[in-house]
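Heads up, the numbering used here is the position in the sequence shown plus 5, with the first residue counted as 1. Read through the structure below, which is laid out as structure tokens, and then see the notes.
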Amino acid sequence: MKLKQARALIADAPQPSAPARPRRATPAARPASPADAAAPAPDAGEALTDTAQRILEIAERLFAEQGVEQVPLRQIVVESGQRNRSALHYHFGSREALVSHLLNRRLHEVNRVRHRYLDELEASGRPIDIHAVVQATVYPLVEVVLQTSWGTNYLQVLAQTTFSPALLNKGLVDKTAMSALYRVRDHIHALLPGMPRDVLRLRMIWFMDTVVYSLAHWVRERGKRNRAAPPVEELVDFCAAALEGPRKPG
């Protein structure tokens, strides 16, 4: 899925599920063919060779430090210790495919954390409001930044791809890695039923962009090795107010 399409899907109003169509009886169910099954999504648990893992790790660091579109692919190969200069193309094919694999690998990790936050919110028995939903959106990113070795680099790469005109129209994102954000979207639409949909769509896009940019900016300003917590609640308050703030009359 293109990055631009992913942003639109997250922001758009949830569509009601279509009623299930009655199915004809068949003599026997046939086994699903490979074409029937959904393609497996690339994630952190996908089997990768040691070489591919090393290339991804080096690429993530270099992209974060120098820019996704600026790092020569040859530099990634050299710094990953590969003698074969075609190793990157063998494993990933292109820069876009490398970025896509890198993003989806981490997006699936963040998606799992975000589902956990949403599950806890929904199971708490407390009334759910915009502030709580924003917390469940923001804190997973903060958690991976503070508690993983890859979070700071990933956040820099995510910010670059989110705001890159050259990458917005590339098919980089696996839709299944966005499932927690669809839950966020559904909560926000349910909590703001009186907000015009075109207005809420814009606010949702700006909300997501603000979270990514603000945390990435904080990481870059403070340095990757500084593990002090960012001013998360201020960011949450800002985003919640922006989402539910009243519109100017007229």
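Heads up, the beta-carbon is just placed ideally off N, CA and C, and yes, glycines get one too.
query, result
"Local conformation of Gly98 per DSSP, three classes", "coil"
"Three CB pairs or more closer than 8 angstroms across the region 244-255 and the region 169-188", "no"
"Collapsed DSSP secondary structure at Gly156 in the structure displayed", "helix"
"Pairwise C-alpha distance: Ala182 and His136", "23 angstroms"
"Nearest-angstrom beta carbon gap, Tyr122 and Tyr95 [assumed within contact, 8 angstroms]", "Rounded, the Cβ-Cβ distance is 38 angstroms, inconsistent with contact."
"Residue of Ala245, Leu160, Ser184 minimising C-alpha distance to Trp223", "Leu160"
"Alpha carbon of Val149 to alpha carbon of Ala164, nearest angstrom", "15 angstroms"
"Contacting residues, own chain, Cβ-Cβ under 7 angstroms from Thr166 (five flanking each side not counted)", "Leu8, Val73, Val104, Leu108, Leu172, Leu177"
"Proximity below 9 angstroms, CB of Ala69 to CB of Val162", "yes"
"Whole-angstrom C-beta distance between Val189 and Thr142, which should lie under 8 angstroms", "5 angstroms"
"Under 9 angstroms between C-beta atoms of Leu67 and Gln87", "no"
"Ordered list of alpha helix (DSSP H) runs contained in the region 177-248, each at least 4 residues", "184-196, 202-227"
"Buried/exposed call for Pro132, threshold 16 Cβ in 10 Å", "exposed"
"Under the three-state DSSP convention, the category Val82 falls into", "helix"
"Backbone CA spacing between Cys244 and Ser91 [nearest angstrom]", "45 angstroms"
"9 angstroms Cβ cutoff met for Glu85 and Glu65", "It is Ser, not Glu, that sits at residue 85 in the sequence shown. No, the pair does not count as a contact, with Cβ atoms beyond the cut-off."
"Supposed close pair Asn116, Ala16 - CB separation, criterion 8 angstroms", "Contact doesn't hold; Cβ gap of about 17 angstroms is too wide."
"Spatial distance of Arg206 from Gly130 (CA atoms)", "28 angstroms"
"Opening and closing residue of the alpha helix (DSSP H) in which Leu61 lies", "55-71"
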